[in-house]
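See the structure below:
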């Protein structure tokens, strides 16, 4: 699954105030990825819908539901002491919960779909991240990535251009629009556990995304 950098973020969070951006998909796949590499990892589901914790339950992956901002602020450092990595699935809104997650995160990934509506909606979460970085002297290390993209389209090119001109870096790896990724929650699986060429291709994309994000964290922290 590729080389893992030596320095890991104790708290890695997926945030975006827009529902359906791909936070839960990214978070659960990250938990499975780290687990398969032999790391001690736990998912914290901070989203009121609790979809990622239900999915993790079916995968027999360790998870907790914490959706109160004060509880998140207190509990995330404790969980980080007892695990190599804590993965947080943030809420689908810009709230005090999101702010608590940003204050306690070392690395933040912001999934974004390649529609102009989704691109426009990233403004608020980028503002939250910028404010957190200002308060914390540059932390959390943060980046955007494109999710569920249709390859080689004009919209994808325009989306990349729009995001690359922003405050936060855009990861080069984009997750493709694959049916196997959409099917994975319903099959109580991840693409790392599924068979077939499409699943392998999707798994390679997730692997590239996580390795790229960890290298960014290692370089900037």
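In my numbering, the protein residues as written are 860 to 1080.
By construction, the Cβ of each residue, glycine as well, lies at the ideal position given by its N, Cα and C atoms.
Since the model is a prediction, treat every value here as computed from it, not as a measurement.
For residue 935 and residue 1042, I'd like the C-alpha separation in whole angstroms. Working through the chain shown from its first residue, we reach residue 935 at position 76. Working through the chain shown from its first residue, we reach residue 1042 at position 183. In this structure, the straight-line span from the alpha carbon of residue 935 to that of residue 1042 is close to 30 Å.
Would you grab the beta carbon distance between residue 947 and residue 919 for me? Rounded to a whole angstrom, and I think it's under 8 Å. Mapped onto the chain shown, residue 947 falls at position 88. Mapped onto the chain shown, residue 919 falls at position 60. At roughly 20 Å, the Cβ-Cβ gap does not stay under 8 Å, so residue 947 and residue 919 are not in contact.
Local conformation of residue 905 per DSSP, three classes: Start at 1 with the first residue of the chain shown, and residue 905 comes out as number 46. Residue 905 falls in the coil class under three-state DSSP.
Contact set for residue 916: own chain, Cβ-Cβ below 8 Å, skip 5 residues either direction: As a working mapping, residue 916 is identified with position 57 in the chain shown. Excluding positions up to five away in sequence, the list reads 922.
Leaving out the 5 sequence neighbours to the left and right, which residues in its chain are closer than 7 Å to residue 877 when beta-carbon positions are compared? As a first step, residue 877 must be located in the chain shown, where it is residue number 18. Counting only Cβ-Cβ distances below 7 Å, and skipping sequence neighbours, we find 951, 977, 980.
Selection from 1058, 874, 1036 that minimises the alpha carbon distance to residue 1046: Taking the first residue of the chain shown as position 1, residue 1046 is located at position 187. Checked all of 1058, 874, 1036; the closest Cα to residue 1046 is 1058.
Minimum length 3: unbroken beta strand (DSSP E) runs contained in the region 912 to 967: Listed in chain order, they are 922 to 924, 944 to 948.
Candidates 1037, 1068, 954: closest to residue 907 by CA position: On the chain shown, position 48 is the one that residue 907 refers to. Across the set 1037, 1068, 954, the C-alpha of 954 shows the shortest separation from the C-alpha of residue 907.
Given a threshold of 16 other Cβ atoms within 10 Å of its Cβ, counted over all protein chains shown, does residue 910 qualify as buried or as exposed? Counting from 1 along the chain shown, the entry for residue 910 is found at position 51. Residue 910 counts as buried, since no fewer than 16 other beta carbons sit within 10 angstroms of its beta carbon.
CB contact flag (residue 1040, residue 1072, <9 Å): On the chain shown, residue 1040 is found 181 positions in, with the first residue counted as 1. On the chain shown, residue 1072 is found 213 positions in, with the first residue counted as 1. Cβ atoms of residue 1040 and residue 1072: not closer than 9 Å.
So residue 889 is in the alpha helix (DSSP H); what residue range does that whole segment cover? Counted from its first residue, the chain shown places residue 889 at position 30. For residue 889, the enclosing alpha helix (DSSP H) has its first and last residue at 882 to 895.
Endpoints, beta strand (DSSP E) assigned at residue 865: Here residue 865 refers to the residue found at position 6 of the chain shown. In the DSSP annotation of this structure, residue 865 is not part of any beta strand (DSSP E), being labelled neither H nor E.
Within the same chain, show all residues whose beta-carbon is closer than 8 Å to that of residue 956, passing over the 5 residues directly before and after it, in chain order. By 1-based counting over the chain shown, the position of residue 956 is 97. Result list for residue 956: 905, 926, 927, 928, 931, 949, 950, in chain order.
Ordered along the chain, which non-local residues of its own chain (more than five positions away) have a Cβ less than 6 Å from that of residue 1076? The sequence position of residue 1076 within the chain shown is 217, counting from 1. So the list reads 868, 966, 1000, once near-sequence residues are dropped.
Which of the three DSSP states, helix, strand or coil, is assigned to residue 1075? Reading the chain shown from its first residue, position 216 is the one you call residue 1075. It is helical.
Tell me which same chain residues have a C-beta within less than 6 Å of the C-beta of residue 883, skipping the five on either side of it? Position 24 of the chain shown holds residue 883. For residue 883, same chain residues with a beta-carbon under 6 Å away, outside a window of 5 residues either side, are 910, 911, 948 in chain order.
Who pairs with residue 1008 in a beta bridge, going by DSSP? By one-based count along the chain shown, residue 1008 stands at place 149. DSSP output for residue 1008 lists 1035 as bridge partner(s).
If residue 1027 and residue 960 are in contact, beta carbons under 8 Å, what's the gap, nearest whole angstrom? Numbered from 1 along the chain shown, position 168 holds the residue referred to as residue 1027. Numbered from 1 along the chain shown, position 101 holds the residue referred to as residue 960. About 16 Å separates the beta carbons of residue 1027 and residue 960, which is beyond the 8 Å limit, so they are not a contact pair.
Taking just the CA atoms, how far does residue 958 sit from residue 1051? Along the chain shown, read from residue 1 onward, the residue named residue 1051 stands at position 192. Along the chain shown, read from residue 1 onward, the residue named residue 958 stands at position 99. Approximately 31 Å, taken between the alpha carbons.
Tell me the rounded alpha-carbon separation between residue 988 and residue 1037. What you label residue 988 is simply residue 129 of the chain shown in a count that begins at 1. What you label residue 1037 is simply residue 178 of the chain shown in a count that begins at 1. If I take the Cα positions, the gap works out to 29 Å.
Closest by CA to residue 914, which one among 1034, 887, 895? Position 55 of the chain shown, counted from the start, is the residue given in the question as residue 914. Comparing Cα-Cα distances from residue 914 to each of 1034, 887, 895, the minimum goes to 887.
Own chain residues within Cβ distance below 6 Å of residue 1067, not counting five before or after: Along the chain shown, read from residue 1 onward, the residue named residue 1067 stands at position 208. Non-local C-beta neighbours of residue 1067 in its own chain, meaning closer than 6 Å and more than five positions away in sequence, comprise 1032, ordered along the chain.
Expressed to the nearest angstrom, what Euclidean distance is found between the alpha-carbon atoms of residue 943 and residue 970? As a first step, residue 943 must be located in the chain shown, where it is residue number 84. As a first step, residue 970 must be located in the chain shown, where it is residue number 111. Rounded to whole angstroms, residue 943 to residue 970 spans 23 Å at the Cα level.
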